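For reference, the structure discussed in these notes is given below.
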Amino acid sequence: MTTKNQTKNNLSFEDYIQEQRVNEFSLQVIDVRSQHDFEQAPIVLKHCINLPYSTLDTNLRLLDHHKPVYVVCQQGCEDSASTHACSILSKHGFQCTCIEGGFNEINKRLSSSDSNTNMTMKKDQDTLIPFVLENRDSHPSWPLERQARFTSGFLTLSGLLGYSLSRNKLFLLGSSSLAAGAVFSALTDSCGLAKVLKMMPWNKNNYRWL
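Letter by letter, the sequence shown follows residues 210 to 419 of this note's numbering.
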């Protein structure tokens, strides 16, 4: 499918906060840092998903073309992962906005707020903190792709074991359905099982793909 190129915009963190206030649950926000950096980060933006820049091309199908995309990385918008990610997204027809300063600026702002008792800085901290997610679980969930492989293998093995013990062919039906689903997933480059797992409560903030 051919799509019209879209432009890239830059947005200050303060303006992003205002966008978050008004459209908190409708924003499409991606963190393009590496999976390792994302997992080790003390804070991430609320409702963001981790789509590392290195795998963005293979994960574009996970994004909604009808919604603007906000992109953040460690450095900001000057020759950074966000800049290159926005270039890829724009070429594929997405309306892309880069959050200026990235987490270097966000961390600097939070650190300044922590070390300064000035009322202006205190107000700044109170404004910033609701729009970042504090340190996540020290035992993060597996990436969805890994969860999908484990679930598929576990259910297939359970079906075969159930059939061997009971000789009930319904167990084989379940296993064969999973095998057919895996073939369909490969042919269509999609994963219905991952989409189901994405809705599970332990994956509320764990959108790490590939």
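By construction, the Cβ of each residue, glycine as well, lies at the ideal position given by its N, Cα and C atoms.
Small disclaimer: the values here were computed from a predicted structure and weren't measured.
Exposed unless 16 or more other CB atoms sit within 10 angstroms - verdict on residue i
i, result
"Pro251", "exposed"
"Asn218", "exposed"
"Phe247", "buried"
"Arg270", "exposed"
"Arg355", "exposed"
"Phe359", "exposed"
Nearest to residue i (by Cα), restricted to the options the options
i, options, result
"Cys257", "Leu271, Tyr372, Ile239 and Ser394", "Ile239"
"Leu369", "Glu248, Ser361 and Leu381", "Leu381"
"Phe222", "Ala388, Ala357, Thr306 and Gly362", "Thr306"
"Asn268", "Leu387, Met408, Asp398 and Leu402", "Asp398"
"Thr365", "Pro261, Ser243, Gln244 and Ala388", "Ala388"
Secondary structure of residue i, DSSP reduced to three states
i, result
"Phe222", "helix"
"Gln304", "coil"
Worksheet entry | Segment contact, 8 Å Cβ cut-off, at least three pairs: the segment 276 to 288 with the segment 304 to 318 | yes
Item to complete: Give a yes or no on contact between the segment 225 to 236 and the segment 288 to 304, applying the rule of three or more CB pairs nearer than 8 Å.
Response: no
Worksheet item: Which runs of the alpha helix (DSSP H) fall wholly inside the segment 241 to 290 and span at least 4 residues, in chain order?
Response: 244 to 249
Worksheet entry | the segment 367 to 377 in contact with the segment 390 to 398 per 3-pair CB rule at 8 Å | no
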